[in-house]
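J.: Would you mind keeping the following structure in view while I ask a few things?
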Amino acid sequence: MSEGFSGGCLCGAVRYESSAAPQLVGHCHCVDCRKSSGTGHCTHVVIPETAFSISGTVTFYDRPADSGNMVSRGFCPNCGCAVYSRNSGMPGMVFPRASSLDDPEVAAPQMIVYASRAPSWDHMDPALPAFPEMPEGGPKAAVHG
C-alpha cells in the first residue's frame, strides 16, 4: 500500500487527505454497512485520525453497531455520498470509504468481517481471511494478531 491518499464525495463539496498509508482495509457485510452502501458490503480503510484532514461540510448519522459500539457515518449533505465513519470501538481511528478514494488501488482489502451475513450474490476474494462475525479483539487483532 502506498503512503498517503486522498478522496471525497461525488459532487466535490467534501474532500479529504490522509498523510498515512492505510493500516487496515476490510470488507464488512453487516446489515448496516450493506444498507448504507447500497450493495452487499462496504469496504473500509482504517487510518489514524491524526493523519486525516477534511474540508467541506459533513453530516453524520449515528447508530449503535451489533457490537454495541457507536458508529458515526459521515456523508455529504449535498450529494449524499458516504465519505467516512468513526467507531467508538477504535478510538483515534477514522474509516474512509474505499468507494470515496480518488485512487482505489491504494487500498487492497485484507479481510472480510460478518461474512455469515453476506448475500449469496456478493462474491469476495476466497484468498482473504473471512470471519463469520466481528473477530474477538476487533479487525486489527484479526489481521495483526
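Note that the numbering used here gives residue 136 to position 27 of the sequence shown, counting from 1, and the numbers run on in steps of one.
For each residue, glycine too, the CB sits at the ideal point set by N, CA and C.
Because the structure is a prediction, the values reported are computed rather than measured.
On a CA-only basis, which of Cys139, Asp211 and Gly113 is nearest Arg172? Give me that one, please.
T.: Against the sequence shown, residue 172 aligns to sequence position 63. Comparing Cα positions, the closest option is Cys139.
J.: Our contact map puts Pro131 next to Val155 with C-beta atoms below 8 Å; I'd like the distance itself, whole angstroms only.
T.: The sequence position of residue 131 within the sequence shown is 22, counting from 1. The sequence position of residue 155 within the sequence shown is 46, counting from 1. Contact flag correct, Cβ pair sits at about 6 Å.
J.: Considering Cα atoms alone, identify which of Phe204, Ala191, Glu158 and Ser128 is closest to Ser146.
T.: The residue labelled residue 146 in the question sits at position 37 within the sequence shown. Among Phe204, Ala191, Glu158 and Ser128, the Cα nearest to that of Ser146 is on Ala191.
J.: At which residues does the alpha helix (DSSP H) containing Asp231 begin and terminate?
T.: Stepping through the sequence shown from its first residue, residue 231 is reached at position 122. Asp231 -> no alpha helix (DSSP H), and no H or E assigned at all.
J.: Taking the alpha-carbon positions, what's the Gly254 to Tyr125 distance?
T.: Counting from one through the sequence shown, the residue named residue 254 turns up at place 145. Counting from one through the sequence shown, the residue named residue 125 turns up at place 16. Residue confidence is low: Gly254 scores 47 on pLDDT, short of 50, so the model does not pin down where it sits. No coordinate-derived value is stated.
J.: Does the region 180 to 191 touch the region 115 to 122, meaning 3 or more C-beta pairs lie closer than 8 Å?
T.: Yes, they touch.
J.: How many whole angstroms separate the CB atoms of Asp141 and Val180, which I take to be in contact at a CB cut-off of 8 Å?
T.: On the sequence shown, residue 141 is found 32 positions in, with the first residue counted as 1. On the sequence shown, residue 180 is found 71 positions in, with the first residue counted as 1. Confirmed, Cβ separation roughly 7 Å.
J.: Measuring CA to CA, which of Ser194, His136 and Gln219 is closest to Asn178?
T.: Residue 178 sits at position 69 when you count from the first residue of the sequence shown. The residue with the shortest Cα to Cα distance from Asn178 is Ser194.
J.: I'd like to confirm the pairing. Which residues does DSSP put opposite Ala239 in its beta bridges?
T.: What you label residue 239 is simply residue 130 of the sequence shown in a count that begins at 1. Answer by DSSP bridge pairing, in chain order: Ile221.
J.: Just list the alpha helix (DSSP H) runs in the region 125 to 171, keeping only unbroken ones of 4 residues or longer that don't cross its boundaries, in chain order.
T.: Taking only runs of at least 4 residues, the alpha helix (DSSP H) segments lying wholly in the region 125 to 171 are 140 to 146.
J.: Could you name the residues that DSSP lists as bridge partners for Cys177?
T.: Counting from one through the sequence shown, the residue named residue 177 turns up at place 68. Contrary to the premise, residue 177 reads as Gly rather than Cys in this sequence. Paired residues: none, contrary to the question.
J.: Mind checking Ala217: buried by the 16 CB within 10 Å criterion, or exposed?
T.: If you number the sequence shown from 1, residue 217 lands on position 108. Exposed: under 16 other Cβ atoms inside 10 Å.
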